[in-house]
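S.K.: Sequential numbering of the sequence shown, starting at 1, is according to full-length UniProt numbering. Attaching a single structure in structure tokens format; questions to follow.
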Amino acid sequence: MEKWLDVSKVVQDRKDILESYKVLSDYDKAAHHFALLWASVGNTIPVTFWAIYYLLRHPEAFAVVRDEIDHLLQSTGQERKPGYSIYLSKEQLDNLVYLESAINESLRMCSSSMNIRKVKENFILKLEENHEVCLRKGDLMAIFPPVLHMDPEIYEDPQTYKFDRYVENSKKKTTFFKQGKKLKYFLMPFGSGSSMCPGRFFAMNEIKLFMILVLVYFDMEIMEDKQLGQDKGRIGLGILLPDSDIIFRYKLRS
Numbered sequence: 001m002e003k004w005l006d007v008s009k010v011v012q013d014r015k016d017i018l019e020s021y022k023v024l025s026d027y028d029k030a031a032h033h034f035a036l037l038w039a040s041v042g043n044t045i046p047v048t049f050w051a052i053y054y055l056l057r058h059p060e061a062f063a064v065v066r067d068e069i070d071h072l073l074q075s076t077g078q079e080r081k082p083g084y085s086i087y088l089s090k091e092q093l094d095n096l097v098y099l100e101s102a103i104n105e106s107l108r109m110c111s112s113s114m115n116i117r118k119v120k121e122n123f124i125l126k127l128e129e130n131h132e133v134c135l136r137k138g139d140l141m142a143i144f145p146p147v148l149h150m151d152p153e154i155y156e157d158p159q160t161y162k163f164d165r166y167v168e169n170s171k172k173k174t175t176f177f178k179q180g181k182k183l184k185y186f187l188m189p190f191g192s193g194s195s196m197c198p199g200r201f202f203a204m205n206e207i208k209l210f211m212i213l214v215l216v217y218f219d220m221e222i223m224e225d226k227q228l229g230q231d232k233g234r235i236g237l238g239i240l241l242p243d244s245d246i247i248f249r250y251k252l253r254s
């Protein structure tokens, strides 16, 4: 890394800290750097891609989300002209319910991570249709959230993109049911419980801000009629990547 040019301050500071621990091998240091790289871009960029892609594929959704953003900027007296900075608070970002819903819908359709748990005591896990599984203390078990995300009892027509699926009466919708019971975890792209991703709030705000800038300053359209599929090679690891590239056209918004 000593030969790198224009190293960011964050990476340089991390390097200095890691170098101060003499017990760490080069392999350990590289692993720490890679962990930062993976956590910062490994899922955030694919989520942002899918969120924008789905909006472009659904013009009515694009129009609603853009109008919500424009209305917020107007209400805060901010210009959307080149050269003007946009400043939004966390509370203002949280109030963009249609933007957040569109992102959550993209997460529902494209996330493919697994939640790993260690069984603490022997017990019988009762499944549907009178099926049971015996779990032994010490076993590792994996929960696969896409099974939940694509359950038609929880989500009507789950294979279809609905940008406003998480909006009800112009507010965030958080009530979803399974067998008549309200679900505590109805969307789990960031995991669940005490091991839920600690950076999930930062990631969501990062995605929102990028999408706001794109929708405010650019007009875009997809140039191909094909539907993108998902590359299943990352199942269990996070957000699925598209199975091919797609051509789109963009210009500065008038």
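Ideal placement from N, C-alpha and C gives every residue a C-beta, glycine not left out. It should be emphasised that the depicted structure is a prediction, and the values quoted were computed from it without experimental measurement.
As a quick exercise: from L140, I124, D139, E105, pick the residue whose alpha carbon is nearest that of V133.
M.R.: The sequence position of residue 133 within the sequence shown is 133, counting from 1. Among L140, I124, D139, E105, the Cα nearest to that of V133 is on I124.
S.K.: When you compare each of M196, G83, K226 to M114 by their alpha carbons, which one comes out closest?
M.R.: Taking the sequence shown and counting its residues from 1, one reaches residue 114 at position 114. Nearest to M114 by C-alpha distance, out of M196, G83, K226, is M196.
S.K.: Run through DSSP, which three-state label would P189 get?
M.R.: The residue you call residue 189 lines up with position 189 of the sequence shown. P189 falls in the coil class under three-state DSSP.
S.K.: Ordered along the chain, which non-local residues of its own chain (more than five positions away) have a Cβ less than 7 Å from that of G42?
M.R.: Within the sequence shown, numbered from 1, the residue matching residue 42 stands at position 42. For G42, where only same-chain residues beyond five positions count, the Cβ hits under 7 Å are G238.
S.K.: Could you tell me the distance, in whole angstroms, from the CA atom of F177 to the CA atom of Y98?
M.R.: Looking up residue 177 in the sequence shown gives position 177. Looking up residue 98 in the sequence shown gives position 98. Between F177 and Y98, the alpha-carbon positions lie close to 21 Å from each other.
S.K.: Let me check understanding here. Comparing Cα to Cα, which of S106, E121, E19, D231 lies closest to K208?
M.R.: Residue numbering aside, residue 208 sits at position 208 when the sequence shown is read from its first letter. Of S106, E121, E19, D231, the residue nearest in Cα terms is S106.
S.K.: Would you call the stretch 164 to 172 and the stretch 141 to 149 in contact, with 3 or more CB pairs under 8 Å?
M.R.: no
S.K.: On a CA-only basis, which of I154, Y21, L73 is nearest G180? Give me that one, please.
M.R.: In the sequence shown, counting from the first residue as 1, residue 180 sits at position 180. The candidate whose alpha carbon is nearest that of G180 is I154.
S.K.: Quick one: what's M220 bridged to in DSSP?
M.R.: Position 220 of the sequence shown, counted from the start, is the residue given in the question as residue 220. M220 pairs with Y250.
S.K.: Cα separation between S75 and V7?
M.R.: By 1-based counting over the sequence shown, the position of residue 75 is 75. By 1-based counting over the sequence shown, the position of residue 7 is 7. Approximately 39 Å between the Cα atoms of the pair.
S.K.: Would you call the CB atoms of F186 and R200 closer than 8 Å?
M.R.: Here residue 186 refers to the residue found at position 186 when the sequence shown is read from its first residue. Here residue 200 refers to the residue found at position 200 when the sequence shown is read from its first residue. It is not a contact, given that the beta carbons lie outside the stated cut-off.
S.K.: In the structure shown, what three-state DSSP assignment does K173 receive?
M.R.: Counting from 1 along the sequence shown, the entry for residue 173 is found at position 173. Here K173 sits in coil by DSSP.
S.K.: Can you tell which of K232, G233, E221, Q230 has the C-alpha that lies nearest to the C-alpha of R249?
M.R.: Within the sequence shown, the letter at position 249 stands for residue 249. If we check each option's Cα against that of R249, E221 comes out closest.
S.K.: Whose CA, out of I235, Y217, E206, V216, lies closest to the CA of T48?
M.R.: Looking up residue 48 in the sequence shown gives position 48. When each option's Cα is compared against that of T48, the closest is E206.
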